[in-house]
Amino acid sequence: MFGISRFSMFARLARALFGSANDRTLKAYQRRVPEINALEPAVQALSDDQLRHKTDEFRERVAKGETLDALLPEAFAVCREASRRVLGKRHFDVQLIGGMVLHAGRIAEMRTGEGKTLVGTLPVYLNALAGKGVHVVTVNDYLARRDAEEMAQLYSFLGLTTGVIVPNLSDDERREAYASDITYGTNNEFGFDYLRDNMKYSLAEMVQRPFSFAIVDEVDSILIDEARTPLIISGPADDSSDLYRSVDAVVAKLVQEPDVFDKDEKLRTVTLTEHGSDRVEQLLHEAGVLQEGGLYDIHNVAVVHHVQQSLRAHTLFTRDVDYIVRDGKVVIIDEFTGRMMDGRRYSDGLHQALEAKEHVEIQQENQTLASITFQNYFRLYPKLAGMTGTAMTEADEFAEIYNLEVVEIPTNLPVRRIDTDDEVYLTAAEKYNAVADLIQDIHKTKQPILVGTTSIEKSEYLSHLLTQRGIPHNVLNARHHEREAIIVAQAGAPGAITIATNMAGRGTDIKLGGNVEMLVKANTEGVEDETQRNAVEEEIRQIVGTHHEEVQKAGGLYVIGTERHESRRVDNQLRGRSGRQGDPGNSRFFLSLEDDLIRIFANDRMGAMMQKMGLKEGEAIVHPWLNKALEKAQKRVEARNFDMRKNTLKYDDVMNDQRKEVYAQRREYMASDDLSGVVAELRVHTIEDLVHAHIPEKSFAEAWDTEGLTKEVHRILNLDLPFADWAKEDGMDAEGIIDRIEAEAQKAQAARTANMGPELMRLIEKQVVLTSFDAVWKEHLHALDQLRQGIGLRAYGQRDPLNEYKQEAFQMFTAMLDDMRLRVTETMCRIQAVSEPPPFPVVDTSQTQTSGPAEEPVPHELQAPPQPAFGFAPSPVPAAGEMAPAGGEPDTETLARWFETTPRNAPCPCGSGRKFKHCHGRLD
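Below, the structure is given as structure tokens:
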């Protein structure tokens, strides 16, 4: 005990003498601030054209070898002056420090309202001078568009181009945006574009440039909260809608009965008891779902999976908390932001189980075609930085996973917000009544109030209480997300009361008195007369100025939390809405023993102690000890979630090594104009495997399986060869057989090339190699998914599941490459030119879905615009018959152009009405 106390004393003494690690880091950056400020008079004296010309000067200096670090003071000074002229905003000194932190590839933690968006312009401008492209990553499409539109004025003034990546853009639009000096977009869009690029069939179709530098806004949300889940691009699997409905009807009855399942809310798992297994088997037999045998017989494995997912849907997922039903669809609610996640779907059949539970249309299940975690995606950037208001609590994870150091940036003005200790009640009803009482009292003073809730259900319950009392208010949750920016922006007006889920706050400032820009935009929409617009704007500025003083006197924004969240960061984000830029403010959290955090994670003695104290109804306990106890509970949950994310990453790292190898090989294939050598090499390996499988090493001819070899060579190489005769020749061995088969195969391939023409054959070879590679990779991903789901059971045999996964995944990868060689060889040996393609049913199996991010252990999927199978990118398709020669059948030159320009799933240009891949694009 004495040793610990003495260590603490020395640690405090060291901090007092030398400062904390954060203080020492800040001092290094603060030394450069005077250098930037000293340049300001000279920069201010420049004309607009001279200031803009500075960008060309900087680029020339970079091209000659000058480093960006050396340019930093001048570039920051130029960017600050341009911002003052264009945006009317001059960077504070602390914002210069934030910019330096970002340029150094670190995370800048800056309080809400400190102007992180403006801070980002400094390192973005500096790094864009290198000409390699800078990506600015935001949490949603609204912020990506807003920031791109606003900051593009600054970048354009300085001679730089700006692009933005949002959903539903064409490949050409995306390519143009990525070619810009600065590109804004969401983490999902950047990640999905990376996956889609690696499913394309030529380098020209790819949209992204090589990665250079990315700044992640709200870095804790993107790299921590969403990192538990991979991005997935998936295609349709077999339809089993009827089975989901039948099983749902059984499980809906089952969960009403006692002692049929055990639920663990900490781990969010549910399992059938022994009695439950017997009971569900009986109900399934009665419903006709199980035709024969028991539930756990091997042929009923699919039914077991459906039962498990339906059980989870009924017991772990709550409507209006985890999801809502909107327009006949189950829409997921993001647990961290409270936003609707349109188009995203839980995977592994869970979303279908929820659709069956809610009796809406059941969408088809999906199969993974490509996937990557956010951890591995963002680690692809040579240089990565981030900014947020809340990162220090996760500093260890940022350092361990991303090698990112967190630097806490001081505020421009001292924080004046008063944070009151939590109030803890026995029941949720008492808690909400206390919240309503406090709101009623504060509302009389005209002090604006922001109330944070954890779900739609709870926000609407509190809204009902206020409505009964006649208190006017706004509700912001996933049901009313369309008005988010307007509601949040005006939440600081006198007497405003805003009830919001976690979605309120990120990216939109709550300004005391109201947000002038938002009010001007709302009140001048459709007004074209400039004089009239100016008059409206001036009137609004005067009103907001008056309201600002009124709210300042009332005490600023009052933030009320109705529950502690699992993560301290979310609580800090809510608190941080108040007290921006030195404004006054207040914050207080209300809790009850029925809250999930206390009920599931906090110490059981807390509830027992409070009840022993004899609390009366409506009374609360307020004590700093309670705050510490709750903080410990939150730390335990954060540590558990960190372990889950690390576990996900460990398994994904195994796939990531394979993914990088596959994607690099694909790019080599796409970059090559002639893959005949690759095809020949794959054929040689295939022939060697065939011969060695039928001719044992150092064996006599009598032991050779010539009959089997004859059949396999005919099946795979399309050759009829006299192996029995060859075996009788003196001195003939396996190597001699291999040489003869390869000679015959080369001769046959040369004949096919002469028949079709070298140009067309080169196109076909590339298509066959890439499509075969994609097909085996897709099957490999599916096999890895299956392996991953059951690998944990190896622990019961005293074996490490991760090591087992690594070993088997490597063996499966080797088998995948063998399968790829076989497929390419077999296809190329059977290709022939056809004058009249055989009739094929036109069946569209090309629809794919873009999925992710998927939570573990509860994955979900994102429905994206349909993509062609194996990544054939949409491109202009010739009109039917447009390219067909007058004589009817296309000549070799025309057919070669068709192969180069026509997507596989597009209608054939000959006008037959069939798909190209089933007509003149048929490869066998």
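Every letter in the sequence shown is one number past the one before it in the numbering used here, and letter 909, counting from 1, is 909. No residue lacks a Cβ here, since even glycine has one placed at the ideal position from N, Cα and C.
{"Check": "Using DSSP with H/G/I as helix, E/B as strand and the rest coil, what is residue 20?", "Outcome": "coil"}
{"Check": "Quick one: what's got a C-beta closer than 7 Å to residue 99's C-beta in the same chain, skipping five residues either side?", "Outcome": "76, 119, 122 and 123"}
{"Check": "With 16 other CB atoms within 10 Å as the buried threshold, where does residue 600 fall?", "Outcome": "exposed"}
{"Check": "Going by C-alpha to C-alpha distance, which of 722, 224 and 458 sits closest to residue 404?", "Outcome": "224"}
{"Check": "DSSP state of residue 907, grouped into three classes?", "Outcome": "strand"}
{"Check": "With burial defined as no fewer than 16 other Cβ atoms inside 10 Å of the residue's Cβ, what is the status of residue 416: buried or exposed?", "Outcome": "exposed"}
{"Check": "Report yes if the C-beta distance between residue 410 and residue 94 is below 8 Å; otherwise report no.", "Outcome": "yes"}
{"Check": "Alpha carbon to alpha carbon, what distance is there between residue 219 and residue 400?", "Outcome": "15 Å"}
{"Check": "Assuming residue 373 contacts residue 648 (C-beta within less than 8 Å), just tell me the rounded distance between them.", "Outcome": "6 Å"}
{"Check": "How big is the Cα-Cα spacing for residue 70 and residue 58?", "Outcome": "11 Å"}
{"Check": "Taking residue 200 as the reference, give the member of 730, 793 and 773 with the closest Cα.", "Outcome": "773"}
{"Check": "Quick one: what's got a C-beta closer than 6 Å to residue 583's C-beta in the same chain, skipping five residues either side?", "Outcome": "512 and 556"}
{"Check": "Shorter than 7 Å, the distance from the beta carbon of residue 828 to the closest heavy atom of the ligand FMN, or not?", "Outcome": "Absent from the structure shown: the ligand FMN. Ligands present: none."}
{"Check": "Please give me, in chain order, every unbroken run of the beta strand (DSSP E) with length at least 3 that falls completely inside the segment 140-210.", "Outcome": "162-165 and 182-186"}
{"Check": "Looking at the strands, I want to know which residues DSSP matches up with residue 592.", "Outcome": "425"}
{"Check": "State the beta-bridge partners of residue 386 as determined by DSSP.", "Outcome": "107 and 216"}
{"Check": "Can you tell which of 265, 593, 227 and 718 has its C-alpha closest to the C-alpha of residue 397?", "Outcome": "227"}
{"Check": "Given that a residue counts as buried once 16 or more other Cβ atoms are within 10 Å of its Cβ, and exposed if not, what is residue 755?", "Outcome": "exposed"}
{"Check": "Report yes if the C-beta distance between residue 683 and residue 751 is below 8 Å; otherwise report no.", "Outcome": "no"}
{"Check": "In whole angstroms, what separates the C-alpha of residue 198 from that of residue 185?", "Outcome": "19 Å"}
{"Check": "Have a look at residue 429 and residue 451 and give me their C-alpha separation to the nearest angstrom.", "Outcome": "16 Å"}
{"Check": "Output the boundary residues of the beta strand (DSSP E) element that contains residue 546.", "Outcome": "Not the beta strand (DSSP E): residue 546 falls in the alpha helix (DSSP H), residues 530-554."}
{"Check": "By the three-class DSSP mapping on this structure, what secondary structure does residue 586 have?", "Outcome": "strand"}
{"Check": "For residue 217 versus residue 139, is the C-beta distance shorter than 8 Å?", "Outcome": "yes"}
{"Check": "Just to confirm the assignment, what range does the beta strand (DSSP E) spanning residue 269 have?", "Outcome": "269-272"}
{"Check": "Cutting at 6 Å between CB atoms, please list the residues of its own chain near residue 212, excluding the five before and the five after it.", "Outcome": "132 and 133"}
{"Check": "Starting from the C-beta of residue 91, find all residues in its chain whose C-beta is less than 6 Å away, skip the five residues before and the five after it, and write them out in chain order.", "Outcome": "80"}
{"Check": "Are at least three pairs of beta-carbons, each pair with one atom in the segment 174-191 and one in the segment 136-156, less than 8 Å apart?", "Outcome": "yes"}
{"Check": "Taking only runs that begin and end inside the segment 241-322, name each unbroken beta strand (DSSP E) of 3 or more residues, in chain order.", "Outcome": "261-264 and 269-272"}
{"Check": "Taking residue 687 as part of the alpha helix (DSSP H), name the residues at either end of that continuous run.", "Outcome": "676-694"}
{"Check": "Could you tell me whether the Cβ atoms of residue 564 and residue 595 are closer together than 8 Å?", "Outcome": "yes"}
{"Check": "Have a look at the DSSP bridge pairing and note the partners of residue 930.", "Outcome": "Nothing about residue 930 can be reported from this structure: the residues present for the chain run from 1 to 924 only."}
{"Check": "Considering only the beta carbon of each residue, do residue 314 and residue 252 sit closer than 8 Å?", "Outcome": "yes"}
{"Check": "Hey, how far is the Cα of residue 636 from the Cα of residue 598?", "Outcome": "12 Å"}
{"Check": "To which residues does DSSP link residue 230 through a beta bridge?", "Outcome": "373"}
{"Check": "Quick one: Cα of residue 496 to Cα of residue 385, how far?", "Outcome": "36 Å"}
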